[in-house]
Amino acid sequence: MRESLSRTTNAALRERALVIRETRSAYLFLLPSLVFFLGFVVLPMVLCVFTSFFDSTMGADTQDVFVGLKNYQNLFADPIFRKALANTFIIVVVSVPVVCVFSLWVSSLIYKMRGPVLSSFRVIFYLPVVTGSVAVTVVWKWMFNNYYGIFNYLGKSTGIIHENINWLGDERFALACIILILLTTSVGQPIVLYVSALGNVDDSVVEAAKVDGATNFQLFWKIKWPAIMPTTLYILVITMINSFQCFALIQLLTSGGPNHSTDTVMYYIYYTAFKLYDYGYANAMGVVLAIIIAVLSAVQFRVTRER
């Protein structure tokens, strides 16, 4: 009895030692990534939150002054920030459902294709994703040019418009143009993901439902849609975050103009920090934006989990 207990104890100790050794080895392999993550992600996040409570310009001849919640109070009294926040929500509300619905529709049409045809569609839709954002933006800027842009040319040729429109310089059209460009550069990855997800749906279940008389809508809603829900959740979250962080298009096309009609929170953070050198105020905006994204992401996780 004692020998059996001793063997069991020794086996447990050896197993525990093995687990400790494997855990130590795993963390050693992860160490380079952990150092990078802690130094360039976690630490800046902590400093961002900390600096948001200071009047900070980070200048050599100035000293940070603790102001408590004053930056946050000024934030919601700032008409430019409220305008930027409203524009950001407009971009998110329009782009997220349109990207998801359009990507799912296209994927439903092409996922059964085989060989070079499917590959060609994947390349066509994914090309804007892998193309440099600056190159894509330059092309769109030429297309929207109010003197020789293709949109003005086609509009006047077809009689839709009678004179050139300054698409990016007119408050009525500038934000819509930004959203259109964002949509074209955002659908590539969701389409590829949906094609893979739809291709992995169990064909035997689909065929059984067809034998039972299920319609195409019932097949999609009752079988395919629940099966691709994890992919949909990922696409929703990623598309929402990318929409909230829309910056490059604004910076390269309009710089927030005209009259702040295309300002977004990300661009206003950049402008405040690197143009006005008010880092404390900019960090307060960053904290608010992070909280908004976190809350909306949590809501999406909760809703899709219940579904």
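Just so you know, we're using my numbering here: the sequence shown kicks off at 341 and counts up by one. No residue lacks a Cβ here, since even glycine has one placed at the ideal position from N, Cα and C.
Could you check how far apart the C-beta atoms of residue 619 and residue 363 are, in whole angstroms? I think they sit under 8 Å. Rounded, the Cβ-Cβ distance is 39 Å, inconsistent with contact.
Quick check on the DSSP output: the alpha helix (DSSP H) that includes residue 612 runs from which residue to which? 605-614
Taking residue 428 as the reference, give the member of 533, 603, 442 with the closest Cα. 603
Using DSSP's beta-bridge definition, name the partner residues of residue 406. 394
Burial state of residue 487, where buried means 16 or more other Cβ atoms lie within 10 Å: exposed
Endpoints, the alpha helix (DSSP H) within which residue 456 is located: 456-470
Less than 7 Å separating the beta-carbons of residue 584 and residue 519? no
Rank 537, 564, 539, 540 by C-alpha distance to the C-alpha of residue 550 and give the top, closest one. 564
I'd like to check one pair, residue 435 with residue 523: are the Cβ atoms closer than 7 Å? yes
Considering only residues of the stretch 492-577, which uninterrupted alpha helix (DSSP H) runs meet the minimum length of 4 residues and lie entirely inside it, listed in chain order? 514-526, 528-539, 543-551, 556-559
Assign residue 491 to buried or exposed, taking buried as 16 or more other Cβ atoms, counted over all protein chains shown, within 10 Å of its Cβ. buried
Residue 586 (DSSP reduced to helix, strand or coil): coil
For residue 599, does the three-state DSSP call read helix, strand or coil? coil
Take residue 559 and list the residues in its own chain whose beta-carbon comes closer than 8 Å to its own, dropping the five residues that flank it on each side. 546, 549, 550
Collapsed DSSP secondary structure at residue 489 in the structure displayed: coil
Beta-carbon separation of residue 534 and residue 444 under 7 Å? yes
Terminal residues of the continuous alpha helix (DSSP H) containing residue 436? 419-450
Thinking residue 607 and residue 587 are a contact (beta carbons under 8 Å), I'd like their distance in whole angstroms, please. 6 Å
Return the residue from the list 366, 474, 567 that minimises the CA-CA distance to residue 539. 567
Give the straight-line distance between the Cα atoms of residue 652 and residue 477, rounded to the nearest whole angstrom. Here the chain has residues from 341 to 647 only, and residue 652 is not among them.
Cut-off 6 Å between Cβ atoms - residues of its own chain near residue 461, not counting five sequence neighbours on either side: 450
Is the distance from the Cβ of residue 521 to the Cβ of residue 480 below 7 Å? yes
So what does DSSP say about residue 594, is it helix, strand or coil? coil
By Cβ distance below 6 Å, which residues in the same chain neighbour residue 626 in space, the five residues on each side in sequence not counted? 388, 609
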